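Engineer: Residue 1 is where the sequence shown starts when you use this note's numbering, and the numbers rise one by one after that.
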Amino acid sequence: MEKKYLAQIIATDNEGLQMISACSSGASVKVSDIKYLASNKVFLLSITRTKIEKGQKDKKINSICRFDFVDKVKSKNINQKNDKLVLELIAIDYLKNKEDYEINLIFNNNAYIALTTETIEVRLEDQNEIKD
1 MEKKYLAQII ATDNEGLQMI SACSSGASVK VSDIKYLASN KVFLLSITRT KIEKGQKDKK
61 INSICRFDFV DKVKSKNINQ KNDKLVLELI AIDYLKNKED YEINLIFNNN AYIALTTETI
121 EVRLEDQNEI KD
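(1) Could you tell me if Thr119 is buried or exposed, where buried requires 16 or more neighbouring beta carbons within 10 angstroms of its beta carbon?
(2) In whole angstroms, give me the CA-to-CA distance for Ala114 and Leu105.
(3) Quick one, are the C-beta atoms of Ala111 and Ile78 less than 8 angstroms apart?
(4) Report yes or no: do three or more beta-carbon pairs, one from the segment 79 to 86 and one from the segment 31 to 41, lie closer than 8 angstroms?
(5) Can you tell me which of the three DSSP states Glu15 falls into?
(6) Express the C-alpha separation of Lys98 and Ile47 in angstroms, rounding to a whole number.
(7) Does DSSP classify Ala114 as helix, strand or coil?
(8) Starting from the Cα of Phe69, find the closest Cα among Ser21, Tyr36, Lys59 and give me that residue.
(9) Between the C-alpha atoms of Lys96 and Met19, what's the straight-line distance to the nearest angstrom?
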């Protein structure tokens with residue numbers, strides 16, 4: 001039996017974040033799959049992405065993108081009441097803002113989510129492969 005290779009990428013700096021951004025680019029995200037657990041300072045994004053690592057361009061997988069130490073979340077141009085709305089994640093980047101970082105999740109249609117966080121701690125964990 002072939003063991004399924006499920007990746008986990010942990011980013012604690014810009015380089016790691018760029019890698020997660022590259023892996024997540026073009027991923028689709030349902031509005032209902034975006035969660036902010038304020039008491040735990042955890043922001044979760046459940047995405048469906050194409051596996052670009054190892055040249056497996058035709059494989060679609062479900063992944064969780066997890067951001068830790070998130071103090072504040074603000075979104076723009078996202079209708080949060082529309083659970084069925086599917087956004088396309090274009091990129092993830094950040095800027096340093098005095099003591100904090102602002103991590104920006106950039107979606108299609110000029111939508112974005114900005115996370116205020118004290119440190120970069122992001123994980124991309126593959127959950128399962130999507131069979132057609």
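From the three backbone atoms N, C-alpha and C, an ideal C-beta is built for every residue, glycine too.
All values derive from a computational prediction rather than experimental measurement.
Structural biologist: According to the data block:
(1) exposed
(2) 6 angstroms
(3) yes
(4) yes
(5) helix
(6) 30 angstroms
(7) strand
(8) Tyr36
(9) 18 angstroms
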